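Below: the structure, in structure tokens.
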Amino acid sequence: MIASRTYTLLALLFCFTLTACDGLFADLSELEAPDFDADMADVPCEPETNTEFCERLGHECGAVTDVDNCGGARSIDCDDYGDFGCGQEGVCLLASSITALESNVCDCPDVDFEASTETICGALEAECDDIEPAQICGYAWRDHATVECGECPDGEECGVIGPNVCGCPCAIDEGCQFENEASPDNPCLICDPSVSREEFTVADDWVVCADNAFCMDGTCQCDEDGGFSECGDRCVDLNSDPDHCGSCSDSCQSDVDGATVICVDGNCEIECPDPVETYCDDLDLCVNLDFDDDHCGVCGTQCLEGESCVEGACDCTEEGYAECDDKCVDTMSDPNHCGECGESCDGDFFCISGLCEADCSDPMTVCDTYCVDTTTNPNYCGNCDNTCESDELCVDSECVDCEDNDDCDGDEVCNTASNECVECVNDGDCYEDAICSEDNECVCRPSAYIISSGGLAQEIDSDGNLVWTFDAESQLSGIAVDSQGYLYISASNQFIYRLDHDGQIDWSFNLSDVTNSRATDVAVDSEGFVYAATDQNQILKIDPSQDEVIWNVAAHGNSQVRDIAVDHDGFVYSAGFDGVVRKGNPDGSEVWTFEEHGGSVGRIAVDRDGFVYSASADQTARKISPDGQEVWRFTGHNSPVTGIAVDAGGFVYTASSNGSVRKLNSNSSQQWKFDEHDYPVDTLAADDAGFVYAAYWDGSVIKLNPDGNKEWRFEATTDALYGVAVDPGLYATYDELCQPVVD
Numbered sequence: 120m121i122a123s124r125t126y127t128l129l130a131l132l133f134c135f136t137l138t139a140c141d142g143l144f145a146d147l148s149e150l151e152a153p154d155f156d157a158d159m160a161d162v163p164c165e166p167e168t169n170t171e172f173c174e175r176l177g178h179e180c181g182a183v184t185d186v187d188n189c190g191g192a193r194s195i196d197c198d199d200y201g202d203f204g205c206g207q208e209g210v211c212l213l214a215s216s217i218t219a220l221e222s223n224v225c226d227c228p229d230v231d232f233e234a235s236t237e238t239i240c241g242a243l244e245a246e247c248d249d250i251e252p253a254q255i256c257g258y259a260w261r262d263h264a265t266v267e268c269g270e271c272p273d274g275e276e277c278g279v280i281g282p283n284v285c286g287c288p289c290a291i292d293e294g295c296q297f298e299n300e301a302s303p304d305n306p307c308l309i310c311d312p313s314v315s316r317e318e319f320t321v322a323d324d325w326v327v328c329a330d331n332a333f334c335m336d337g338t339c340q341c342d343e344d345g346g347f348s349e350c351g352d353r354c355v356d357l358n359s360d361p362d363h364c365g366s367c368s369d370s371c372q373s374d375v376d377g378a379t380v381i382c383v384d385g386n387c388e389i390e391c392p393d394p395v396e397t398y399c400d401d402l403d404l405c406v407n408l409d410f411d412d413d414h415c416g417v418c419g420t421q422c423l424e425g426e427s428c429v430e431g432a433c434d435c436t437e438e439g440y441a442e443c444d445d446k447c448v449d450t451m452s453d454p455n456h457c458g459e460c461g462e463s464c465d466g467d468f469f470c471i472s473g474l475c476e477a478d479c480s481d482p483m484t485v486c487d488t489y490c491v492d493t494t495t496n497p498n499y500c501g502n503c504d505n506t507c508e509s510d511e512l513c514v515d516s517e518c519v520d521c522e523d524n525d526d527c528d529g530d531e532v533c534n535t536a537s538n539e540c541v542e543c544v545n546d547g548d549c550y551e552d553a554i555c556s557e558d559n560e561c562v563c564r565p566s567a568y569i570i571s572s573g574g575l576a577q578e579i580d581s582d583g584n585l586v587w588t589f590d591a592e593s594q595l596s597g598i599a600v601d602s603q604g605y606l607y608i609s610a611s612n613q614f615i616y617r618l619d620h621d622g623q624i625d626w627s628f629n630l631s632d633v634t635n636s637r638a639t640d641v642a643v644d645s646e647g648f649v650y651a652a653t654d655q656n657q658i659l660k661i662d663p664s665q666d667e668v669i670w671n672v673a674a675h676g677n678s679q680v681r682d683i684a685v686d687h688d689g690f691v692y693s694a695g696f697d698g699v700v701r702k703g704n705p706d707g708s709e710v711w712t713f714e715e716h717g718g719s720v721g722r723i724a725v726d727r728d729g730f731v732y733s734a735s736a737d738q739t740a741r742k743i744s745p746d747g748q749e750v751w752r753f754t755g756h757n758s759p760v761t762g763i764a765v766d767a768g769g770f771v772y773t774a775s776s777n778g779s780v781r782k783l784n785s786n787s788s789q790q791w792k793f794d795e796h797d798y799p800v801d802t803l804a805a806d807d808a809g810f811v812y813a814a815y816w817d818g819s820v821i822k823l824n825p826d827g828n829k830e831w832r833f834e835a836t837t838d839a840l841y842g843v844a845v846d847p848g849l850y851a852t853y854d855e856l857c858q859p860v861v862d
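Residue numbering for the sequence shown follows our numbering, beginning at 120 and increasing consecutively.
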């Protein structure tokens, strides 16, 4: 029984391996069921599956009835269970060309080669290219020769619109011809004649693929076979793209000037701008390794002192150096090789300029082979190369004018803080009634003069003490001091008064004799001529010696003239409530007007060079050139600027209605600010020593030193102060007794 069963299985296996077993299994249904050995009788049989049943019988298709491995009869359709059933993969695709043999095995019809070519090409809808017959009939074909489906019509090419299909090969710039024809350069573009016959367009939700990408299944994909990877919305070559070198997140960068950054095999490399240079990676630097003393032969290799890089090697070539004991040494200073290799200096000597010289002990220094004290030697002051002038001393290694008073000439004294010969160090070095200024110069002790709305004129000495008081019994509005220390004031009773050093009337002038207006301010020039500004837009020049008006001009339209000043050359300056600053000639005619202020101008000042300074209600102070052009404007105040003054050093002082006082340099930069008194300031005055005086509306005057600190405060009256002046006047000079000298 075992032998019989084995024979039957071998026969079945042999039949299954044949390509066509026509009728081989026709009578299998008549075979008896297998008889198993007795020892197997108790083992349960597991029926084979339908697929295994069809495969064992060699059936690929059709219905079959037979006995399975367990002896049971079974009828099935092998089309549903065979791996190679008819109509599935590997079977002729043309149903009319498929025949099911009696043995239920699929096969293709026997046709001649020409017929099979037509069948194959038709089945694949192919018009061109080589097609293998196996693509149609699979295992039913014995030969695997290719089939040429044919040539494309004139003007068409194979594969331009799909595999094995002829189509128009036109490029984008040649225009599209047929609807839904794919672009040869980008298959995600199609021809849409309704839009344009000139170019391929994006249809509906189609997209244009980026460079180095192609369209597959409606998705743009980077050409990975071409070496491109997707980075963001770009297809890049990670081996050569400097912005994405090695990976999408790595970019090539360098701070080397002029260098080119490239990506090679996914690594960043620097190409130096000079072909003879080498890029030092650790230093991020391009250098010439043949001649760079800091990078000689190898990046980072520095030549030692005395060595130079020559053709990539450090050689001892510097002047004064020699190679001794395989080292480059300075034979001008090396005590072991002084002058030449091997020449050493004894312990008490050292090498100077190639010669062994004696050793100088501290504080002595060797200069030109001499031991000198550079702290006091004027020929070697501070160091061997510094020589003082013939009239200078060397003190503490610096060239100075003096060390004590005996080193100064005449009446000068030695300022030991700066070792300079000066006029004075303190007030005791000056003559009577003089003080020592911050510039170490003796200046006369200035007095301040103030006027009030209640009609009082007062002199206050430099220490803040009252000297005298004059009562005009009429409101005072203008104040000036001449070169001899006489005080001029203008009153609302139309009088102008000149007061002597004791506060007594020395001269007066009644404006009512020439005009119905009253004076709002007064000025005096170096020759003693008096100038009056009035509330009726007038400016008058008066000769006190003749008690007559030299000229009377109208200025500032119909506006009140608020302030007036005169310079050394007799030019007259005025400011008015109309916001105009005016410069007039000595004869009263107009030179120019400055009209840039946005509010009334209440105070002006003029310096020794003819520059004019104005204070305005528009919260600005301005410097105006001698030809009437704005030099600068200061906008640091946040309230109307009510006072302005300039000292002999060119420093400018400004004050405002909120009580603050500021010091500016000649370029309008603020030096300091004083704001310890919150009453409005009416006017300012400054003396030659750099002290400034501020008159306030609460009846007090404050003196500030050059650093902006308060020296004293004098409470003059309960009335508002309407003016302050200080002597010496702008052009006054004084003798040794501080007596005025007319220049």
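Note that the Cβ used here is the ideal one computed from N, Cα and C, for glycine as well.
Nothing here was measured: the structure is a model prediction, and the numbers come from that model.
Check, Outcome
"Label L423 either buried or exposed according to how many other C-beta atoms from any shown protein chain fall within 10 Å of its C-beta, with 16 as the threshold for buried.", "exposed"
"Could you name the residues of the same chain whose beta carbon sits closer than 6 Å to that of D76, not counting the 5 residues immediately before and after it, in chain order?", "Not covered by the structure: residue 76. The range shown for the chain is 120 to 862."
"Do you know how far the Cα of N777 is from the Cα of Y841?", "16 Å"
"Can you name the residues that DSSP bridges to D682?", "A694"
"Compute the distance between the beta-carbons of V765 and T773, then report whether it is under 7 Å.", "no"
"Quick one: is R727 buried, meaning 16 or more other Cβ sit within 10 Å of its Cβ, or exposed?", "exposed"
"Quick one: grab the DSSP three-state call for D526.", "helix"
"Three-state secondary structure (DSSP) at T754?", "coil"
"Round the Cβ separation of S366 and V355 to the nearest angstrom and send it over; I've been treating them as touching at under 8 Å.", "The Cβ separation is near 10 Å, so there is no contact."
"Label P825 either buried or exposed according to how many other C-beta atoms from any shown protein chain fall within 10 Å of its C-beta, with 16 as the threshold for buried.", "buried"
"Around the C-beta of C164, are 16 or more other C-beta atoms found within 10 angstroms, so that it is buried, or is it exposed?", "exposed"
"Need the endpoints of the alpha helix (DSSP H) that C112 sits in, please.", "The structure shown does not extend to residue 112, since the chain spans only 120 to 862, so no value can be given for it."
"Let's see if you can read the secondary structure: which residues bound the beta strand (DSSP E) around C189?", "First-last for C189: undefined, no H or E at that position."
"Considering only their Cβ atoms, is the gap separating T836 from G818 smaller than 7 Å?", "yes"
"Run the CB neighbour count on N496, radius 10 Å, all protein chains shown included, and call it buried at 16 or more, exposed below.", "buried"
"At which residues does the beta strand (DSSP E) containing E578 begin and terminate?", "L575 to I579"
"Within 10 angstroms of the Cβ of P565, are there 16 or more other Cβ atoms? Answer buried if so, exposed if not.", "buried"
"Mind checking N828: buried by the 16 CB within 10 Å criterion, or exposed?", "exposed"
"I think E522 touches N538, with their Cβ atoms under 8 Å apart; what is that distance to the nearest whole Å?", "6 Å"
"Where does C240 fall in DSSP's three states?", "helix"
"For C341 and D330, what's the separation of their Cα atoms in angstroms?", "9 Å"
"Which of the three DSSP states is assigned to G345 in this structure?", "helix"
"What is the DSSP secondary structure of G181, reduced to helix, strand or coil?", "coil"
"So, do the segment 677 to 695 and the segment 661 to 669 have three or more beta carbon pairs nearer to each other than 8 Å?", "no"
"Span of the beta strand (DSSP E) holding R564?", "From DSSP, R564 is part of no beta strand (DSSP E); its letter is neither H nor E."
"Report, in whole angstroms, the separation of the C-beta atoms of Y550 and C561, which I expect to be a contact under 8 Å.", "7 Å"
"Out of A332, R353 and C350, state which residue places its alpha-carbon closest to the alpha-carbon of D344.", "A332"
"Would you mind stating whether A734 and G717 have Cβ atoms separated by less than 7 Å?", "no"
"Going by beta-carbon coordinates alone, are A808 and S609 separated by less than 7 Å?", "no"
"Whose C-beta lies closer than 7 Å to the C-beta of S708 among residues of the same chain, with five residues either side of it excluded?", "none"
"Three-state secondary structure (DSSP) at L630?", "helix"
"Label C490 either buried or exposed according to how many other C-beta atoms from any shown protein chain fall within 10 Å of its C-beta, with 16 as the threshold for buried.", "exposed"
"Taking DSSP's pairing of strands, which residues face E246 in a bridge?", "DSSP lists no partner for E246."
"Where does V843 fall in DSSP's three states?", "strand"
"What is the rounded straight-line gap between the Cα of K782 and the Cα of G689?", "28 Å"
"Go ahead and pull the three-state DSSP assignment for G547.", "helix"
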